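Peer 1: Please find one structure pasted underneath; my questions will follow.
In our numbering, the protein residues as written are 1 to 217.
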């Protein structure tokens with residue numbers, strides 16, 4: 001396949017932490033129930049940061065809002081349309097169980113995903129600047145408590161496999177564009193950066209990268 005034309009994650013600029021002064025409750029790391037498969041292991045495909053319910057979520061980068069609501073997965077770069085997935089949701093009347101999510105095109109070949117929000121503060125098509133409030137921390141969708149799930153999509157990156165049960169049981173397409181570890185972009189030394197929770201450490205090697213992206217203090 002053609003090599004991505006977008007910049008490598010480490011070369012990206014203009015990003016800021018979308019949830020200020022929180023704690024990282026889950027890393028881009030192997031997880032038994034993870035959504036994606038990388039290096040033959042299932043992974044959690046984003047970074048979870050927590051403060052308190054209702055805290056303000058801010059745009060990590062300038063961009064254009066592609067989705068804001070419970071059907072944001074349509075803008076999350078799957079290999080096929082999500083007709084089968086949403087048809088199952090509609091048959092079951094279970095849309096209210098989906099995460100309220102904002103997806104923003106960062107204008108550089110990447111998209112930022114902000115999931116589990118309690119509400120949104122932007123509309124589709126709206127241009128936003130880094131730091132603008134786009135929604136509020138919540139626990140919608142598959143969440144055990146209030147937090148932000150922040151995910152970065154490289155839209156011209158390689159395809160990644162969706163874990164089989166999500167394809168067979170939920171109707172997701174089998175492939176999705178590359179997800180990258182946000183800690184390859186966001187600095188833990190930056191203003192508003194989150195802290196680690198004792199006992200919840202980053203992986204020794206970031207999935208697919210072969211090296212760590214963060215070191216416990």
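Built from N, CA and C at the ideal position, the CB exists for glycine as well.
Fair warning: this is a prediction, and the values are worked out from it, not measured in the lab.
1) Quick check on DSSP: helix, strand or coil for residue 9?
2) Among 89, 121, 44 and 51, which one has its Cα closest to the Cα of residue 67?
3) Just reading off the beta strand (DSSP E) that residue 69 is part of, what are its end residues?
4) On a Cα-Cα basis, can you pick out the residue from 208, 9, 84 and 73 that is closest to residue 168?
5) Can you tell me the Cα-Cα spacing of residue 131 and residue 60, whole angstroms?
6) Rank 27, 37 and 198 by C-alpha distance to the C-alpha of residue 177 and give the top, closest one.
7) Return the CA-CA distance between residue 80 and residue 173, expressed in angstroms with no decimal places.
8) Return the first residue and the last residue of the beta strand (DSSP E) that residue 83 is part of.
9) Closest Cβ-Cβ distance between residue 5 and chain B: below 9 Å?
10) For residue 133, is the classification buried or exposed, using 16 other Cβ atoms within 10 angstroms of its Cβ as the cut-off for buried?
11) Work out the CA separation of residue 18 and residue 118 for me, nearest whole Å.
12) Are at least three pairs of beta-carbons, each pair with one atom in the region 43-57 and one in the region 8-16, less than 8 Å apart?
Peer 2: So, to answer that:
1) Position 9 of the chain shown, counting from 1, holds the residue named residue 9. In this structure, residue 9 counts as helix in the three-state DSSP scheme.
2) Position 67 of the chain shown, counted from the first residue, corresponds to residue 67. Nearest option by C-alpha distance: 121.
3) Here residue 69 corresponds to residue number 69 of the chain shown, with the count starting at 1. From DSSP, the beta strand (DSSP E) with residue 69 extends over 63-69.
4) For the purposes of this step, residue 168 is taken as residue 168 along the chain shown, with counting starting at 1. Of the listed residues, the one whose Cα sits closest to residue 168 is 84.
5) One-based indexing of the chain shown puts residue 131 at position 131. One-based indexing of the chain shown puts residue 60 at position 60. For residue 131 and residue 60, the distance between alpha carbons rounds to 6 Å.
6) Taking the chain shown and counting its residues from 1, one reaches residue 177 at position 177. If we check each option's Cα against that of residue 177, 37 comes out closest.
7) To locate residue 80, count along the chain shown from 1; it is residue 80. To locate residue 173, count along the chain shown from 1; it is residue 173. If I take the Cα positions, the gap works out to 6 Å.
8) Locating residue 83 in the chain shown gives position 83, where the first residue counts as 1. Careful: residue 83 lies outside any beta strand (DSSP E), inside the alpha helix (DSSP H) at 83-92.
9) Here chain B cannot be found, since the structure has a single protein chain.
10) Taking the first residue of the chain shown as 1, we reach residue 133 at position 133. Its Cβ having fewer than 16 others within 10 Å, residue 133 is exposed.
11) Taking the first residue of the chain shown as 1, we reach residue 118 at position 118. Taking the first residue of the chain shown as 1, we reach residue 18 at position 18. Their backbone Cα atoms lie some 15 Å apart in a straight line.
12) no
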